[in-house]
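Per the UniProt record's numbering, the very first residue in the sequence shown carries number 1; after that it's consecutive.
Here's the structure we're looking at; comments come further down.
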Amino acid sequence: MPAKSKAQQKAAGAALAAKRGDMKKSELKGASKNMADSMSEKELEEMASTKRKGKKEHVSKS
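Next up, the structure:
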């Protein structure tokens with residue numbers, strides 16, 4: 001599942017780094033913390049590798 005916004009892509013990258021042990025899980029906040037708990041490493045990698053070109057910074061929830 002590709003990221004829908006730049007913010008979502010960045011959060012997935014942070015969660016992936018924590019899952020791989022490159023950063024402490026306690027350093028995560030908000031969406032990245034939830035992603036690290038609820039998504040597999042493969043799902044996070046797919047979302048984090050989404051191209052940023054043409055993506056909005058944030059997308060509304062509706």
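Cβ coordinates follow ideal geometry from the N, Cα and C atoms, glycine included.
- The C-alpha of S60 lies about 12 Å from the C-alpha of Q8.
- Here DSSP, grouped into helix, strand and coil, assigns S32 to helix.
- Residue state for K53 is assigned as coil, using DSSP reduced to three classes.
- The beta-carbon separation of S32 and A14, rounded to 4 Å, stays under the 8 Å limit for a contact.
- In this model, K42 and R20 are separated by some 11 Å (Cα to Cα).
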